[in-house]
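Student: Residues 2 to 335 in the numbering used here are what the sequence shown lists, from first letter to last. Ideal Cβ placement from N, Cα and C applies to all residues, glycine included.
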Amino acid sequence: MAASIKDVAREASVSIATVSRVLNNVDVVNEDTKKRVLEAIKKLDYRPNIVARSLKTQKTKTIGIIIPDISNQIYPEIVRGAEDVANIYDYNIILCNTDLDPEKEMEYLRVLSEKMVDGAIYISNSLEDNIVKTIKTTNMPIVLIETHGRESEFPSVIIDNEKAAEDAVNYLIKKGNRRIAYIGADKDAVNASAIRYKGYVDSINKNGLNYDENLVYFCKYSLKADDGYDAMKAILQKTQDIDAVFCVSDDIAIGATNALRESGINVPKDVDMMGFNDTYLASAFYPKLTTIAQPLYDMGSVATRMLIKKINKEPLDKELFILPYELVERDSCK
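This is how it looks when you write it as structure tokens:
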């Protein structure tokens, strides 16, 4: 039979109230007594009743993480960073996979609220008005990763996606490329891909190159390798006058490279290829991808620290954390 709080109190020769104060980190308990209680908890393998405890404290020590697709390589690394910090602060995690479905995103927000999670980290393909409205309705502390809302009302952890994309395209231009294709997602959405598209356009314009819509393709789905393959095939049907390709994810770049190879076009001999994110496959794929590295683990860990501060009603150092990125040179650019 599982040990109760009464058993712990009896073992430590203290009151139930004292055990409760130790469990809730109330400072009035002296160190000797606290040590005795903790030793009794360990000896008896006592586990607090989370439901009863949450009813009293109004906290469940649980946070939700909403992600678009766990099979996408960038999200496990973000979740790992979040989980490691959550463990330090004794929080449990509920992971929600939305499959890029806005209806599932809104439903998971409601479910997490009903489960009385203390807060949530929200990673989405896009932060539209209906999602913002649902977040406000749940009244949960929320921290965004990758996305920064139009109204800038939620704390966020991002990189400077526009500058990173501009740096990537500038790099390709310095390599002598002039006909640079772009493969991304909806340019009108509130997401990182749309911001990277703006960086692409800015670089093209600032360097005096001609914007050619035949070189631009917006994927409608999950930004996986298959989408990159289809996108590159669609571009090649319009024109094969291409010097380089900038993709908003490594998976897209891998699919695009395969499409070029299948069409008899060599990367990097004929066309330079640039990815984004620096996932594991970027260095495992052939040719190894030149890419923009995001600090994925740090994004998860920083966001979790921010969220825990929000849960505890502590002031944040910043509402918007912009983490550094790095252009990683490998073999996909000549």
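(1) Check whether the Cβ of N73 lies closer than 9 Å to any Cβ atom in chain D.
(2) Using the DSSP secondary-structure output, state which residues sit across from M274 in a beta bridge.
(3) Considering only C-alpha positions, which residue in the set Y326, D28, D46 is nearest to M2?
(4) So, under 8 Å CB-CB, I66 and V86 are touching, yes? Tell me the CB distance rounded to an integer number of Å.
(5) Per DSSP, what are the beta-bridge partners of E327 in this structure?
(6) Which ranges does the alpha helix (DSSP H) cover as unbroken runs of at least 4 residues, wholly within the region 20–104, from first to last along the chain?
(7) On the DSSP letters alone, give me the boundaries of the beta strand (DSSP E) that A285 sits inside.
(8) Could you work out which residue in K239, K35, S5, L290 is closest to N259 when comparing CA atoms only?
(9) Excluding the 5 residues flanking N88 on each side, which residues of the same chain have their C-beta closer than 7 Å to its C-beta?
(10) Using CA coordinates, which residue listed in S157, T280, A257, S21 is at the minimum distance from L237?
(11) Relative to the alpha-carbon of S194, which residue among Y218, R179, K207, V15 has its alpha-carbon at the smallest distance?
(12) Rounded C-beta distance between D299 and G82? I'm assuming under 8 Å.
(13) Which residue or residues does DSSP assign as beta-bridge partners of V144?
(14) Would you check if the distance between the CB atom of A186 and the CB atom of E129 is smaller than 9 Å?
(15) Output the residue ranges of the alpha helix (DSSP H) runs that lie fully inside the region 138–220 and measure 4 residues or longer, sorted by chain position.
(16) Under 8 Å: do the region 135–147 and the region 105–122 share three or more Cβ pairs, one atom per stretch?
(17) Within the same chain, show all residues whose beta-carbon is closer than 7 Å to that of Y248, passing over the 5 residues directly before and after it, in chain order.
(18) In the DSSP assignment, what residue or residues form a beta bridge with L128?
(19) Should the region 33–46 be regarded as contacting the region 62–76, the criterion being three or more beta carbon pairs within less than 8 Å?
(20) Give every residue of the same chain whose Cβ lies closer than 7 Å to the Cβ of I266, excluding the five residues on either side of it in the sequence, and list them in chain order.
(21) I need the DSSP call for L400, collapsed to helix, strand or coil.
(22) Relative to the alpha-carbon of Y90, which residue among E104, N25, D168 has its alpha-carbon at the smallest distance?
(23) For S14, count neighbouring Cβ atoms within 10 angstroms of its own Cβ and tell me buried if that reaches 16, exposed if not.
(24) Where do the ends of the alpha helix (DSSP H) carrying V9 lie?
Tutor: According to the data block:
(1) Any reference to chain D falls outside this structure, which holds one protein chain only.
(2) Position 273 of the sequence shown, counted from the start, is the residue given in the question as residue 274. Paired residues: V246.
(3) By 1-based counting over the sequence shown, the position of residue 2 is 1. For M2, the nearest C-alpha among the options comes from D46.
(4) As a working mapping, residue 66 is identified with position 65 in the sequence shown. As a working mapping, residue 86 is identified with position 85 in the sequence shown. Not confirmed; about 12 Å, so no contact.
(5) In the sequence shown, counting from the first residue as 1, residue 327 sits at position 326. Per DSSP, A294.
(6) 32–45, 51–58, 75–89
(7) Along the sequence shown, read from residue 1 onward, the residue named residue 285 stands at position 284. Taken as a continuous stretch (DSSP letters only), A285 belongs to no beta strand (DSSP E), being part of the alpha helix (DSSP H) at 281–285.
(8) By 1-based counting over the sequence shown, the position of residue 259 is 258. Selected option, being the one with the closest Cα: L290.
(9) Here residue 88 refers to the residue found at position 87 when the sequence shown is read from its first residue. Around N88: no qualifying Cβ.
(10) As a first step, residue 237 is located in the sequence shown; it is residue number 236 there, counting from the start. With distances taken between Cα atoms, L237 lies closest to A257.
(11) Numbered from 1 along the sequence shown, position 193 holds the residue referred to as residue 194. Of the candidates Y218, R179, K207, V15, the one whose C-alpha sits nearest the C-alpha of S194 is Y218.
(12) As a working mapping, residue 299 is identified with position 298 in the sequence shown. As a working mapping, residue 82 is identified with position 81 in the sequence shown. Indeed, because the Cβ distance is near 6 Å, the residues count as touching under 8 Å.
(13) Your numbering for residue 144 matches position 143 in the sequence shown. The partner list for V144 (beta bridge, DSSP) reads I122.
(14) Here residue 186 refers to the residue found at position 185 of the sequence shown. Here residue 129 refers to the residue found at position 128 of the sequence shown. Against a cut-off of 9 Å, the Cβ pair of E129 and A186 comes out as no contact.
(15) 162–175, 193–207
(16) yes
(17) Taking the first residue of the sequence shown as 1, we reach residue 248 at position 247. Sequence inspection shows Cys at residue 248; the Tyr mentioned does not correspond to that position. Closer than 7 Å at the Cβ level, and outside the excluded window around C248, lie I184, G229, A254, A257, M275, G276, F277.
(18) Along the sequence shown, one-based indexing puts residue 128 at 127. None; L128 has no bridge partner.
(19) no
(20) The residue labelled residue 266 in the question sits at position 265 within the sequence shown. Cβ neighbours of I266 beyond the five flanking positions: V272.
(21) Summary: the structure shown does not reach residue 400, with the chain confined to residues 2 through 335, and so no result is reported for it.
(22) As a working mapping, residue 90 is identified with position 89 in the sequence shown. Nearest of E104, N25, D168 to Y90, Cα basis: N25.
(23) On the sequence shown, residue 14 is found 13 positions in, with the first residue counted as 1. It counts as exposed.
(24) If you number the sequence shown from 1, residue 9 lands on position 8. Taken as a continuous stretch (DSSP letters only), the alpha helix (DSSP H) holding V9 covers 6–13.
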